Amino acid sequence: MSADQPLLEVENLTTTFSTDNGTLTAVDGIDFSVDTGETVCIVGESGSGKTVATESITRIINTPPGEIEGTVRYKGRDLLSLPESELRQIRGNDIAHIFQNPQEAMNHCYTVGWQIVEALQIHQDVSDDEARARAVDLMDRVGIANASSRFDDYPHEFSGGQKQRVMIAMALVGDPDLLIADEPTTALDVTVQAQILKLLDDLQEEFEMGILFVTHDLGVVAEIADRIVVMYAGKVMERGGVLDIFDHPGHPYTQQLLECLPEFGGTGGGISGTLPDPYDPPEGCRFAPRCEYAEEACRTGEQPEEVEVAPGQRVSCVHYGPGGNPSIVRNDEFGPIDGDGTAPTDGESEVGPADD
Amino acid sequence: MPRRNIEDRDDSRHIDRREWLSALGLAGAVTLAGCSGNGGGGSGSGGGNGSDGMNGSEGGSGSGGNQLELPDFPKFGVDPLYGRDVAHTLAERAFEQSEYDYSFDGDTMVNPDGDQVEINIYHSTGQETSQLTANFIAQELGQNLGINVIVEAIDGTRFNNEYWTAEPQGGTDTVDGEEVTWENPTPTNPGPQSVTSNQAWDMSIVFGLNTYPLNPLTNSAFFDGATAFYNPVGYYPQFDAQELFDQAQQASSVEELQQAFVDIFENIAYEQPYITLLFSDDLVGYNPELEGPIENFSNGWDLPAWYEGEPEVSGSYDTVTSARFTTLNPLFNTENGAGTAIARALDQGYTFDENQDVFPLLYDMSTEDGEVWTFDVRENLQFSEPYGQVTAEDFVYLIQELHQADWAPTAASTSWDGVTVEQTGEFQFEATLESPNILWPKTYDPLLYPIPKDLLQPYVEEEDVQGLEQDEELLELQFAGNLGAFELTAWNRGSGTEYTRNDEYYLRDIDEGPDLFSEGPYFESASISVVREQASRLGALRTGEADAAAIPPEQYESYQENENVDVLQVPTPYNTIISVNQRANGWSAGPGNLFQLVPFRQAMAAAISKQDLIQGVYRGLASPHFTWQPRWSQFYPSTDE
Amino acid sequence: MGFGRYVSARVLWAAVVSLIIVTVTFLLLSAAPNPAVRRAATQAALQGGDPAEAAERVRELRGLDEPLYVRYMDFLRNVYTLDWGWSVSTSMPVTEAVTNALYYTAQYSIPWTILTIILGPLVGVYSAANMYSWKDHAATGFAFFGYAIPNFFFGIILLLIFGVWLEWIPVIYKPEVPVFSVQNAIQLTLPVFVLVTGSIGAVMRVSRNESAEFQNADFMKTAKAKGVSPLRAYAYHVMRPTLVPLSTTLVGQLLALFLGASLLVEVVFGIPGLGRLTYNALIQQDTNLVLGTTLFFTFVAVIGNLIEDLVFTVLDPRISYDDR
Amino acid sequence: MATEKSERFDQVDWNDLSRSGRFDLSVNSLGMLLTTIPLALLGVYDWQFLGERTPTFEFIGLEQNLETLDFFFIFTLFLAFWYLVLPLYQNPRMTRYYWKEFRRNRPAVVSLGWLGVVFVGGIVGPLILNAPQQDLLIAYQPPVFTSVADTTPATCVGEVMNGRCYGTWQHPLGTTGGGKDVFTMIVYGMTISMQIGFITTTIVATIGITFGTLSAYSGGWVDEIMMRFVDIILSFPTFLMFLLILYIYGAGLGMFIVVFSLFAWGGTARYIRSKSLSISEEEFIKASRISGASTYQVIRGHVVPNAASSIITQLTLLIPGFLLAEAQLAFLGVGDSTVPSWGQLIATGRSDLSFAPWIVLAPGIVLFLTILAFNFLGDALLDALNPEAEAENG
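Chains as they are written, first to last, in the UniProt record's numbering: chain Z, 1 to 356; chain U, 1 to 641; chain Y, 1 to 324; chain X, 1 to 394.
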């Protein structure tokens, strides 16, 4: 792997689903990349295609009905053109996933140990005893007390946070280089959230992983992200470093997202209107129907080309493009109240060994 | 214990008569004949055929109107004694006799309240022929007598238990002007007409009865005066039946007997104690390769001489039947089907050949005067080890210690009542009857199974009925030695019996009978499969899996055309009758039981077209039934044929 | 409550239920008139004996002269000593009659049960995996067909077609052929097919619906993300949770058919099994045998329900013994 | 009162009505009462003053005679009308919603159509068609458009060509061995099936609801014992019991219905109990303790409406079982062969299957379709009324 080559590079990724009612376009030609040791957050409302995008990377979504186009290069290999069997080698081994709802993400019929061992034994030829030892080790590492005795417990005997820890342990069995975390903290309560985030942060250093983190919670983003990709209705609206975007959100959508956060002086209210119909997306900018700055130009043609507004920060908005006037939307006074742009929460809480 | 089955329509029709017939020692007689579900039981001469009887229009004088005069031997239900007018005339005679005010309102028969007369008729449930017949009767009685008949189905066993029989009570009543006492009431004749069954019923075609064409004296059980042994319907004869039967008993030749019976049968034809309808033939389909079956109900008596193709030992003789066997214990079996199954492996004393003459098997019987009978037992009969040779002692022991003993309810008990038996030699014994009977063998009474004395002795000493019933050697016929054409190898309680050829069969060494006996039987093995579904039995016949099976009348033609099957029409002595309940719970249509009146029963008989019934339901494969004897019997009273 | 205590409580309850059911049967049968008594009276009358005395004799012989409670206590004792008396309709001890019949019933029940247990969930899961494809529609259609078509009706028609018209299979069941022989396999094909058709429908429907739910469950995504192959995913992650609700349907369905439709199938195909034995015992009012077979069927039903409960608790770790 | 109610007829909200807790004489109950009283009077009249076989409607010159079962059947029809059909009419919004949900399931719509045919046929058919009459002359006529060898029928009603007898529209589905018209018998069989279906489910629902609520309301050891009792009922080898009881005690249609009902209410009772318990947590206490409403009203007003959809679904799935059991028993010969049910028709025709297959096939297929339709319908109801309910009845 050459030094300048990103760990993961996604280009023009398009995912559609054919259903009885027509073709649904969930992800519509997006690009992004993740480097080793970096945390990239994909941000957007629910239904904006974040999850589908991440699940398209290793083709976890069912095809059919789904259909994935574009290229996904992982360490230079195009995952989308790999045969299923080779891709299976990568899943769980090089690229690991953790999901939103640990309760549902684990099979209630098997012990947590069994499920960790299963992941391990698929990729590595290890004996049952050895696998068990490794699994206990991992459970210990992710902060589960009495790991060896809890190995034989069933998921329903764990609390939510513990389950997510188990999920993380399961993800770590193959010493992955890329961890795709799909809203891993959404289902957890706030204190537990912080512990999990801290854990992920620690593990990222230890395992030198790239993390692709999906969330709609900008508070979380602020805490962990290096870079942000803002998605709306299957398209990328804006991307850039976390500080840049929090300080100078370029796209009206990003701005409105941030406005929702009380910490950022927002109203805490939602964005008016609803997501466009994914079967029949509007012409022009996807956000135009809900955008207070929308003009006629916004409503025609394709989604505008991304324009670099600051180093590393790109926005897809007519107003930044050729002939546009960024000042219509630019509002430099926008930013976190405390101004440092880092963690809105205190961030001091230790990652406890357990939260039960 | 005796059992009945109610499984198949054909067998079920025979339920009760078999049951009690067998009590008279009959079951064994038909066993050799049996090749099919129907077995084809009974005896008789020549095949009666439906159309013969149809022409019998002699005798009827008046054709309707009050002038109607009945001949000595009236034939109701065929012209001229059929139709609305005849029936109305007869019914009106009954109304006059009745103390209640029944009448016709136009075509409708009304009771004293002015409501239409409504009565019910029971038929066997699940039996199509029975149901069709019942509906036909209902239509005819409706049309010709204006009676509304409700058709109801009932399970044969249930009918037997709750309707047909009753708790014996006895009593006295005036019958034909005389005081009669029921001294020995039975469930089938529990007492005078006032003694009734649990459940009320009007008419029934659930059961038919035997007519005993070989020895009609047996019919005294039905009609011997009011206190006959078997009189579930509460019939009181209006003629002196008892005396006539006594006279017949005295007959010393067949001719005298025939003479004696003319009166009896004419009276029965006149009084219609049961409304006689028809005799249906058993239809048996055979593998056309088979040599031997005949259209005669001694069909099967010479089974050891039957063969397939060439007369050499080969193949298997497989038949299907509908009824499971309750027991194969020869002492207790009363079922026709099981009798057939026993007969494959164990012969009885004698059988009847195709001329209805006695053919000696185990023993020959002879008499001078009809009173003392000498039994000569063959000397080449062997039980299985350790029982050795069959001697007269075995038979005498069996009769005296079992059949005549009070404690053992064997199937043949009644046959030996009042008979004195004495051993007169190693292979000879004598039986002395209470009164002479030149036709004694034809009553089936002296039929015996050979049972080793040594086998019976322990049970006799203990008077152990249960032990006897459950004895495995008896149940599995393990003692049969050379006494049967085949050896029973398996009796699967659910699916029938299997046999292998008995190489030692004693019949090979006898002088009488067909020459073919000397090498018989001509099958390596035999089997009787119990198959409940008629469709399956017929299917097996069609595909050749079975060599013989009974065929229902509605399929007679299609099987006749089928080249894989030969259909034989085997006459039976079993009749189809309407039993009309003359007891106190018998007439639900109003006061006064009209069934008790002879003219009313005549009216009913005249209202039902026998010809239409035979054509419609039986496809012509039955013959009309006028008195208590089939037309082909030598005791049939008609003189003009 | 521990597993051991749970099981023993269940078994105890099962015993109580069996006892009650058999008692009800006993009472029902005692209320019916006994035809043997009447027949004996007829017989005696024929012999010129006293019918009443003969009837009394039979009652005595069969123990019917005892008061009901004495007979009941006798009966209970016999139930537990496995001496179920003599069956008058088959002329053998009841236990032997039941064992013999069971031999034939087992010959078609075992393949039928195995096929249902294996094929039902497999086809159901397969159907779910190919949801809304023609394969799914075909499988679902078949399930509904088998579920709705009366077994006996289907049986007689198949027998007519394959036995009588095409002559592919024998019309008459031959009990004497060896159990493991081609002949036996051929003659059992139709009964097993008819029964499997009848039982598989419900099993398929439930497993299809349940597994449809599970195959879209998050844990399937987890499994896929772990690199689990689709086959393994279905085998372990879909099948296993599907078995939990399925176990109820499966046992229930098999039991219902075993106790009902198998009787008709035995009648149609002429198999001398338990169903026919029971039926014949019933119509011949062979009290001992009816009680024996009822006892057996009740035993099977109760054991079946017990197994269902136990399997349920074993299969679904979330259920604790105290809940039930 | 009736007028007042009827003014706001289409605004009546069923749930509101049910929850009001005191609607002793709603339109439904009033209607029920007004229709049941004449029925009951007619029943008493028929029972007390008319002979067993005198036609009930003789006084107006009709030949129709009603038997006990018919009275029960009409009663259940009234019940179904006033408490099932009318509420749907009274609450068009809900009806429309259900219909929308239901309509998506096309097999279920077809099934409903078929059951409609059976229902209407079963009620109207016997009034239009004369009872099937035996006519031996026309036995074994083939169905229309088919032919059989002319030796099969006694005489051929239709054309005979090349030795084959062709069916006619006179007997669209052919005739039986007794010359009864198969089509007419199937129509009469619809009545029987509907009677079995309606009366049995009514009894099952009545016993089940009473037992279930009683059990839930009593609580404690009474509840325990009652539920154990249900356990036992559910453990019976049902088919064996049917056979036993029907064989020993006779197998008329009425007996069938009673025996079926006796062994079928367990599941309903169990369900109602659990439903009542969950409702009692909220409603029993509030409603019965505070407002002093009677237990009956709580059950009537809260438990039943809430559980109604599930009960209906459960009962829908029970009916095919009854029809099948009837057919099976008829096939075994345990049944009243004068009852013109489909099962009896199959049983009588089964021996003729090889040469007159229509006698078995026609009722067999009708039975099959009806069972299928009930299953489809039950499934659809399960989805439409109660999306979260799982297929427990499989």
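Yeah, the Cβ is synthetic: ideal placement off N, Cα and C, and Gly gets one too.
The structure displayed is predicted, hence computed values, not measured ones.
{"Check": "The beta strand (DSSP E) enclosing Z:Met231, as first and last residue numbers", "Outcome": "227-232"}
{"Check": "Beta strand (DSSP E) runs wholly inside the region 327-355 of chain U, at least 3 long, in chain order", "Outcome": "350-352"}
{"Check": "Per-residue DSSP class, three states only, for U:Ser220", "Outcome": "helix"}
{"Check": "Cα-Cα separation, U:Pro360 to U:Thr420", "Outcome": "21 Å"}
{"Check": "U:Gly225 beta carbon less than 7 Å from that of U:Gly191", "Outcome": "no"}
{"Check": "Chain X within 7 Å of U:Asn111, Cβ atoms only", "Outcome": "no"}
{"Check": "Alpha-carbon to alpha-carbon, Z:Ile57 and Z:Ile337", "Outcome": "Only weak support exists for where Z:Ile337 lies, its pLDDT of 41 falling under 50; the value from the coordinates is given anyway. If I take the Cα positions, the gap works out to 36 Å."}
{"Check": "Pairwise C-alpha distance: Y:Tyr108 and Y:Leu188", "Outcome": "6 Å"}
{"Check": "Inter-residue Cα distance where the pair is X:Ser215 and Y:Leu282", "Outcome": "36 Å"}
{"Check": "Sequence-distant residues of the same chain with beta carbon closer than 7 Å to X:Thr201, five excluded per side", "Outcome": "Leu315, Leu318, Ile319"}
{"Check": "With 16 other Cβ atoms within 10 Å as the buried cut-off, status of X:Asn162", "Outcome": "exposed"}
{"Check": "Per-residue DSSP class, three states only, for U:Asp246", "Outcome": "helix"}
{"Check": "Close-in-space but distant-in-sequence residues of the same chain around X:Met227 (CB under 8 Å, 5 per side omitted)", "Outcome": "Ser215, Arg270, Arg273"}
{"Check": "Min CB distance Z:Tyr74 to chain Y below 7 Å", "Outcome": "no"}
{"Check": "Alpha carbon of X:Asp70 to alpha carbon of Y:Phe162, nearest angstrom", "Outcome": "43 Å"}
{"Check": "Contact between the region 14-32 of chain Y and the region 313-325 of chain U (3+ Cβ pairs under 8 Å)", "Outcome": "no"}
{"Check": "Rounded straight-line distance, which links the Cα of Z:Ile61 to that of Y:Val268", "Outcome": "51 Å"}
{"Check": "Chain X contact for U:Ser558 (CB, 7 Å cutoff)", "Outcome": "yes"}
{"Check": "Which listed residue (U:Val206, U:Asn267, U:Ile268) has its alpha carbon closest to that of U:Asn160", "Outcome": "U:Val206"}
{"Check": "Contacts of U:Leu475 in chain Y (Cβ-Cβ under 9 Å)", "Outcome": "Ser91, Met92"}
{"Check": "Interface flag, Y:Ala233 vs chain Z, CB-CB below 7 Å", "Outcome": "no"}
{"Check": "Bounding residues of the alpha helix (DSSP H) (the contiguous stretch that carries Z:Arg165)", "Outcome": "160-172"}
{"Check": "Contact check, Z:Ile271 vs Z:Gln256, beta carbons under 7 Å", "Outcome": "yes"}
{"Check": "Assigned exposure category for X:Gly394 - 16 Cβ within 10 Å defines buried", "Outcome": "Because the pLDDT of X:Gly394 is 33, which lies under 50, any placement of that residue in the model is unreliable, and the question is left without a value."}
{"Check": "Presumed contact (8 Å Cβ cut-off) between Z:Gln100 and Z:Pro184, rounded CB distance", "Outcome": "7 Å"}
{"Check": "CB contact below 7 Å: Y:Val267 versus chain U", "Outcome": "yes"}
{"Check": "Which residues DSSP lists as bridging X:Thr175, in chain order", "Outcome": "X:Asp181"}
{"Check": "Separation of X:Tyr98 from Z:Pro289, as counted between CA atoms", "Outcome": "35 Å"}
{"Check": "Residue from U:Ala490, U:Phe635, U:Val598 whose Cα sits closest to the Cα of U:Phe76", "Outcome": "U:Val598"}
{"Check": "Opening and closing residue of the alpha helix (DSSP H) in which Y:Tyr126 lies", "Outcome": "94-129"}
{"Check": "Residue-level contact to chain Y via CB, U:Thr319, 7 Å cutoff", "Outcome": "no"}
{"Check": "Residue-chain proximity (Z:Gly160, chain Y), Cβ-Cβ < 7 Å", "Outcome": "no"}
{"Check": "Neighbourhood of Z:Glu208 by C-beta, 8 Å cutoff - its chain only, sequence neighbours within 5 removed", "Outcome": "Thr36, Gly37, Asp177"}
{"Check": "Under 8 Å from the C-beta of X:Leu353: neighbouring residues of chain U", "Outcome": "Ala535"}
{"Check": "Secondary structure of Z:Gln313, DSSP reduced to three states", "Outcome": "strand"}
{"Check": "U:Gly34 classed as buried or exposed, judged by whether at least 16 other C-beta atoms fall within 10 angstroms", "Outcome": "Low local confidence applies: a pLDDT of 29 at U:Gly34 is under 50, so the model's placement there is unreliable, with the coordinate-based value given in what follows. It counts as buried."}
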